[in-house]
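Presented below is the structure to which this report refers.
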Amino acid sequence: MSCRDFLIRVCQRQNCNKYHEIRRCTKNNCTQGSSCKYVHLRQEEVDNINNNIRPHSKEAYDELKRIAYLLRETYRRNKKNHARSIY
C-alpha cells in the first residue's frame, strides 16, 4: 500500500515499509469506487506523477485529491486538522 504520509505531504517515519510512489490499481474486479486506495489512471499519467512532470491533467489532479481525502479520513482527529491545512 502507498504511504499515506507520503501522499498527503512528506513521510518522516524511519524504516517506513510502504510505497513512496503512486501505484496504479491492478484489481480485476475493482469498482473504481471511493474506497480504493490506488489510482485509476493510464500508466503514462502515473509515470508523470511519480516523475513530478507537471502540469498534471485534470483527471490526474482529481484522482490524487480523491486519494488524499480517502487517506486523510484514516487519521486521528488532531492529525486530520493538520492534513486539511496542507492541501
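Under our numbering, think of the first position of the sequence shown as 96, with each following residue one higher. Backbone N, C-alpha and C fix where the C-beta goes; we use that ideal spot for every residue, glycine too. Source: prediction; values computed, not measured.
Item	Value
Burial state of Tyr182 (16 or more Cβ within 10 Å)	With a pLDDT of only 47 at Tyr182, under the threshold of 50, the placement of this residue in the model should not be trusted; the figure read from the coordinates follows. Exposed is the call here.
The segment 123-134 touching the segment 107-114, judged by at least three CB pairs closer than 8 Å	no
Distance between Tyr170 and Leu159 (C-alpha atoms, nearest Å)	17 Å
Buried or exposed by the 16-neighbour rule on C-beta atoms within 10 Å, applied to Val105	exposed
Other residues of its chain near His115: CB distance less than 6 Å, five sequence neighbours each side excluded	Cys98, Phe101
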